[in-house]
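Trainee:
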Amino acid sequence: MKTTYLIAIVAVAILVGAVAAYVFLSQPSSNPANSVFINGAGATFPQPFLNATIQAYHSMKPNVDINYQGGGSGAGINALTSKTVDFAATDAPLSDSQREAAPNILHIPETIGAVTLAYNLAGATGTLQLSGDVVARIFLGTITRWNDPAITALNPTMTLPDQAIATVHRSDSSGTTNVFTKYLSLVSSTWSNQIGSGTSVEWPSGLGASGNSNVASTVTQTENSIGYVELTYALQNNMPVASIQNSAGNFIAPSLTSTTTAVQSGASTLPTGDQSWTGVSLLNAADPQAYPIVAFTYLIEYKELNVIPSMTLEKATAIVQYMWYVVHDGQQLSTSLQYATLPTNVVLINEATIQSITFKGQTLPVT
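Under our numbering, the first residue of the sequence shown carries the number -15, and numbering increases by one thereafter.
The structure is reproduced here in structure tokens:
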């Protein structure tokens, strides 16, 4: 009798254990064995868009975790060159010397944004209008007060204060700075000769802040200030932005529509992904309704992913498929964030570029 009772207890225990094991194993794992972790870094200009695509992509493929740190275009280029990240983003195309330091890097335009002149003028009503030359003179420090005749002539209906102008610029190596200073070099020979363009320049004066978000917050917190930020950051912070005079002489407000117009006007002839993009520019586009400070921003990646030490076939495949998503379905997320969607000719170039990426010589499935 005791033996029978003991056998029954053991049988019940085995059955309970089996049920528990079945329930445990049938639950989705919070950290599945096939999880893929991808690290990226770089530009803050497209970060709101990239964050949106990363979140949306993870909801479709929960096993793919992508961490993107927006430390600036220069930081992203350096990190990918040193192979400490799996991909990077930059608003400044790689220079010849940067391409030599990181052979076989590809450019993949992922979205298009506008650089705005956001300002903080307490009590001012209406929209500030500025020409490129006046913007250059403000950042050169030759126009120092808001009621300077050059500014009031462009804004006859605005009451501008007799206050010193505080300019705000990026303190880090920044693709947004590259775009902004290239624009200033186009519209001002003085700027071109004295300062020039690049991801970092010698600013004559002003306050420095790291990243688009910090420039935006510095302008918000500093009365009588003006600074350059990507359009989304200005909108997120409810900041007024200046209408800028374009090449046709019209004052155009930055918007999704005026950004898209600039793209349609300036993105006709482009290089392939493995060529240099330093000559590509959407600045000061000819269309009368185009906003003049518009630029591509790029994902950059090695053509042969095996050169990155931590790379695996699974990770390489996930990177390629994420990039394919960004330039296709991910474009649906751009307009709500005030980025322009990629034109068809750019998508076609991107498709060929992404399909050329390999791991140990092996082509990778894009979907």
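Even glycine gets a Cβ: it sits at the ideal position worked out from N, Cα and C.
#1: Rounded to whole angstroms, what is the Cα-Cα separation between His42 and Val119?
#2: Going by CA-CA distance only, name the one from Gln273, Ser209, Thr151 and Asp80 that's closest to Thr262.
#3: Contact check, Ala270 vs Val278 under 8 Å by CB: the rounded distance?
#4: Skipping 5 residues on each side, what residues in its chain have a beta carbon closer than 8 Å to that of Ser294?
#5: Can you tell me which of the three DSSP states Gly211 falls into?
#6: Looking at Gly257: is its Cβ nearer than 9 Å to the Cβ of Thr337?
#7: Quick check on the DSSP output: the alpha helix (DSSP H) that includes Val247 runs from which residue to which?
#8: Give the secondary structure of Thr65 by DSSP, where H, G and I count as helix, E and B as strand, and everything else as coil.
#9: Go through the stretch 161 to 233 residue by residue and report every complete run of the alpha helix (DSSP H) that reaches 4 residues or more, in order.
#10: By Cβ distance below 6 Å, which residues in the same chain neighbour Ala5 in space, the five residues on each side in sequence not counted?
#11: From this set, Val330, Ala300 and Thr253, which residue's C-alpha is nearest Gly345's C-alpha?
#12: Looking at the unbroken alpha helix (DSSP H) that takes in Val48, where does it start and where does it end?
#13: If distances are taken between C-alpha atoms only, which option among Ala76, Ser227 and Pro32 comes closest to Phe235?
#14: Hey, how far is the Cα of Leu9 from the Cα of Asn334?
#15: Are Tyr282 and Pro77 touching if we call contact CB-CB under 9 Å?
#16: Where does Leu283 sit, in a helix, a strand or coil, going by DSSP?
#17: Of the choices Ala40, Gln339 and Gly55, whose alpha-carbon is the least far from that of Val48?
#18: Determine, using beta carbons only, whether Ser57 and Thr68 come nearer to each other than 9 Å.
#19: Can you tell me where the alpha helix (DSSP H) holding Arg129 begins and where it ends?
#20: Closer than 6 Å by C-beta to Asp165: which residues in its own chain qualify, once you throw out the five before and the five after it? Chain order, please.
#21: Using three-state DSSP, classify His153 as helix, strand or coil.
#22: By the three-class DSSP mapping on this structure, what secondary structure does Pro32 have?
#23: Can you tell me whether Asn139 is helix, strand or coil according to DSSP?
#24: At a cut of 8 Å, does the stretch 156 to 174 reach the stretch 31 to 39 through at least three beta carbon pairs?
#25: If we ignore side chains and look at the alpha-carbon of each, how far apart do Ala150 and Val199 end up?
#26: Just to confirm my understanding: we take Val213, look at its own chain, exclude 5 residues before and 5 after, and list those with CB closer than 7 Å. What are they?
#27: If you run the structure through DSSP and keep just helix, strand and coil, what is Leu101?
#28: Rounded C-beta distance between Arg154 and Ala193? I'm assuming under 8 Å.
#29: Only counting the same chain, and skipping five residues up and downstream in sequence, which positions put a Cβ closer than 8 Å to that of Tyr275?
#30: Relative to the C-alpha of Trp175, which residue among Ile284, Ser158 and Leu124 is closest?
#31: According to the neighbour-count rule (16 or more other Cβ atoms, all chains shown, within 10 Å of its Cβ), is Asp156 buried or exposed?
#32: Strictly by DSSP, which residues pair up with Val278?
#33: Does DSSP classify Val7 as helix, strand or coil?
#34: Count the other CB atoms within 10 Å of the CB of Glu94; is the residue buried (16 or more) or exposed (fewer)?
#35: Taking the alpha helix (DSSP H) that Ala302 falls in, what are its first and last residues?
#36: What is the rounded straight-line gap between the Cα of Asn177 and the Cα of Gln205?
Mentor: Working from what's here:
#1: 41 Å
#2: Asp80
#3: Contact flag wrong, Cβ pair sits at about 12 Å.
#4: Asp70
#5: strand
#6: yes
#7: Going by DSSP, Val247 is part of the alpha helix (DSSP H) stretching over Leu240 to Gly250.
#8: helix
#9: 173 to 178, 196 to 205 and 215 to 220
#10: For Ala5, the predicted structure reports a pLDDT of 40, less than 50, and the residue's modelled location is therefore unreliable. A value from the coordinates is still provided. Contacts found: none.
#11: Ala300
#12: First-last for Val48: Val48 to Gln53, but that is the beta strand (DSSP E), not the alpha helix (DSSP H).
#13: Ser227
#14: Confidence at Leu9 is low in this model, with a pLDDT of 37, below 50, so its placement is unreliable and no value can be given for it.
#15: yes
#16: strand
#17: Ala40
#18: When the beta-carbon positions are compared, Ser57 and Thr68 stay at least 9 Å from each other.
#19: DSSP places Arg129 in no alpha helix (DSSP H); its state is neither H nor E.
#20: A small fix is needed here, since residue 165 is Thr in this sequence, not Asp. Within the same chain, Thr165 has close Cβ partners Ser181 and Val185.
#21: Here His153 carries a strand assignment [DSSP, helix/strand/coil].
#22: Under the three-state reduction of DSSP, Pro32 is assigned to helix.
#23: coil
#24: no
#25: Spanning the alpha carbons of Ala150 and Val199 requires a straight line of approximately 12 Å.
#26: Answer for Val213: Thr100, Ala102, Asn196, Val199 and Ala200, listed in chain order.
#27: strand
#28: 7 Å
#29: Ala98, Ile228, Asn230, Ile236, Ala237, Pro238, Ser239, Ser242, Thr243, Thr245 and Ala246
#30: Leu124
#31: Label assigned to Asp156: buried.
#32: Ala98
#33: Because Val7 sits at a pLDDT of 37, beneath the cut-off of 50, its placement in the model cannot be relied upon, and the following sentence gives the value as read from the coordinates. In the structure shown, Val7 sits in a helix (DSSP, three-state: H, G or I).
#34: Buried: at least 16 other Cβ atoms inside 10 Å.
#35: Leu297 to Val311
#36: 32 Å
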